[in-house]
Structures are given as C-alpha cells and as structure tokens.
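Student:
Rendered as structure tokens:
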C-alpha cells in the first residue's frame, strides 16, 4: 500500500495514489515530497506563473490559477497577468471584444468606443471627420456643460496652425509655443495640429470625479475604465453602437 503523509491516507496502488496527487485540492497549493514512496517518483513539472508554486499536473495548476489568481488570470486564454488592471485591459481588447464597433462613415471596425473615436479624431476617416469637428458637435449637444468645461472662446473647427520656414532657428524647426524642436517642418506642423497645446475642454460628470481631458476619446477611455463608476464598460459600448451622439447623450443624462 502507498501512504500519503499530508492527507494521512493509504492507497491500494501506485495508480490510485497518483490520481490522488493530481486531483486532490490539498496538493494544489503546495509541493510535497514522496514521504518514503520512491517507486517511479517524479518531480512536479507544472509551475504557476503567479507564485512560483509547482504542481504534478496541468489540471492541478489550472485549478490553482482559478482559485488563487482569478483577479489576474484569463481562463479562456490560459494567461497570467501582472495585475488586475492588465487583465481588464486584455479582456477589453480586440482578442475578447472583436471588432464590434463599426465606423458610421467607412468600413473600418474597432474593438471599443474610444478606439472608434480616436479614428475619427485623427482625421484618417475618408469622411473628413476630425478632432475639431467632433469637439464642435459635442459642444452643441452639451449646452448645459455636463461633460464640457465652460470656455470664454472655443477654437474654430476649421482653424489650423501652419508653420513656415521662418520657424527654422538655424538648427531645427522650433515651436513658438513651447520651444520644442523638430528635424522637419512636417514634424513641427504635426505637433502644432495635435491637441498638445489645446485646453482641456472635457470633464468627467461623475459626482466624485473632477478629471478634465483635452479629447473626447480620453474622456471615453476614462469612463470605460470604470474608475469613477459613471458607466459600466459594456454600457458605453452598447450606447456607442447607436452612434457617438447617442453615447454622449447617455453620459450627459448621468
């Protein structure tokens, strides 16, 4: 007979003993020596990536992952993450979400509402939609400034900043607003037409949150993270499928 010291149990055969080692929860969290049983004994082969514990079978390790590391373990992908936030980002990526967010103006699809808005803000959509146009549309929707900050004057949706050769300082092209230098005029113009020098025109409407953002996509990413509890991630995606205006309307109602 074979004796298991941690469990104080006897087994009639080596086979039943090995089945016990593989399936018993007692052996899922710790690695025990064979306690005097030396016939064909093998070292455990399966290591937990979360806590460096070893197991005799992949099933025992999987059970351990689920019971002890569920906050950072993706069961469907069998993948361990550094922390809970990394797991959340993974679960909200295209791997799990697919490409369910279709652009209303072109055939491209995206995994989240914020990714779709980034596409529109970038000006890469064939429709010609850009960041300035979106900002102007949101200001018209949000007349009571629930998600927008009050500004004395807003930039025009058609205004653009264009640097010329006069920006050359003898070494590089220099930004007149922040003195940052660029190797090419194109790089400087890209910098000037980015939101880097714009005001924070968006605000989170959460009752205990006062964060402000320069871009609608940044606000939506914040809401998707659920850090302020304004809306659930799934609610953001569902309302956005009815259109960006529909999603913004729901945010304003909150």
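Numbering (full-length UniProt numbering), first residue to last: 1 to 254. The beta-carbon is built from N, C-alpha and C at its ideal position, and this holds for glycine as well. From a predicted model like this one, the values you see are computed outputs, not experimental measurements.
1. Just verifying my parser: in three-state terms, what is the DSSP assignment at residue 148?
2. Quick one: what does DSSP say residue 233 is sitting in, helix, strand or coil?
3. With DSSP as the reference, label residue 268 as helix, strand or coil.
4. Taking the C-alpha atoms as reference points, what is the distance between residue 69 and residue 59?
5. Span of the alpha helix (DSSP H) holding residue 100?
6. For residue 244, which residues from the same chain have a beta carbon less than 6 Å from its beta carbon, with the 5 sequence-adjacent residues on both sides left out?
7. Spell out the partners DSSP gives residue 74 in its beta bridges.
8. Looking at C-beta atoms only, is the number of pairs between the region 103–117 and the region 179–197 that lie closer than 8 Å three or more?
9. In terms of alpha-carbon separation, which member of 89, 210, 72 lies closest to residue 83?
10. Going by alpha carbons, who is nearest to residue 255 out of 88, 202, 234, 236?
11. Go ahead and label residue 210 buried or exposed: buried means 16 or more other beta carbons lie within 10 angstroms of its beta carbon, across all protein chains shown.
12. Buried or exposed for residue 143, please, with buried defined as at least 16 other CB atoms from any protein chain shown within 10 angstroms of its CB.
13. Just checking my contact of residue 237 with residue 88 at CB under 8 Å: how many whole Å lie between their CB atoms?
14. Take residue 176 and list the residues in its own chain whose beta-carbon comes closer than 6 Å to its own, dropping the five residues that flank it on each side.
15. Leaving out five residues before and five after residue 130 in sequence, what residues of the same chain have Cβ atoms less than 6 Å from its Cβ?
16. In this structure, how does DSSP classify residue 34 when only helix, strand and coil are distinguished?
17. Could you tell me the distance, in whole angstroms, from the CA atom of residue 103 to the CA atom of residue 246?
18. What are the boundary residues of the alpha helix (DSSP H) that residue 91 is part of?
19. Less than 7 Å separating the beta-carbons of residue 97 and residue 111?
Tutor: Quick answer:
1. If DSSP states are grouped into helix, strand and coil, residue 148 belongs with the strands.
2. helix
3. Lying outside 1 to 254, the shown extent of the chain, residue 268 is not represented and no answer is given.
4. 15 Å
5. Where residue 100 is concerned, there is no enclosing alpha helix (DSSP H), given that its DSSP letter is neither H nor E.
6. none
7. 79
8. no
9. 72
10. Here the chain has residues from 1 to 254 only, and residue 255 is not among them.
11. exposed
12. Classification of residue 143: exposed, given that the 10 Å Cβ count is below 16.
13. With 8 Å as the limit, residue 237 and residue 88 do not qualify as a contact, their Cβ atoms being about 14 Å apart.
14. none
15. 123
16. With a pLDDT of only 39 at residue 34, under 50, the local geometry of the prediction cannot be trusted, and no value is derived from it.
17. If I take the Cα positions, the gap works out to 14 Å.
18. 84–91
19. yes
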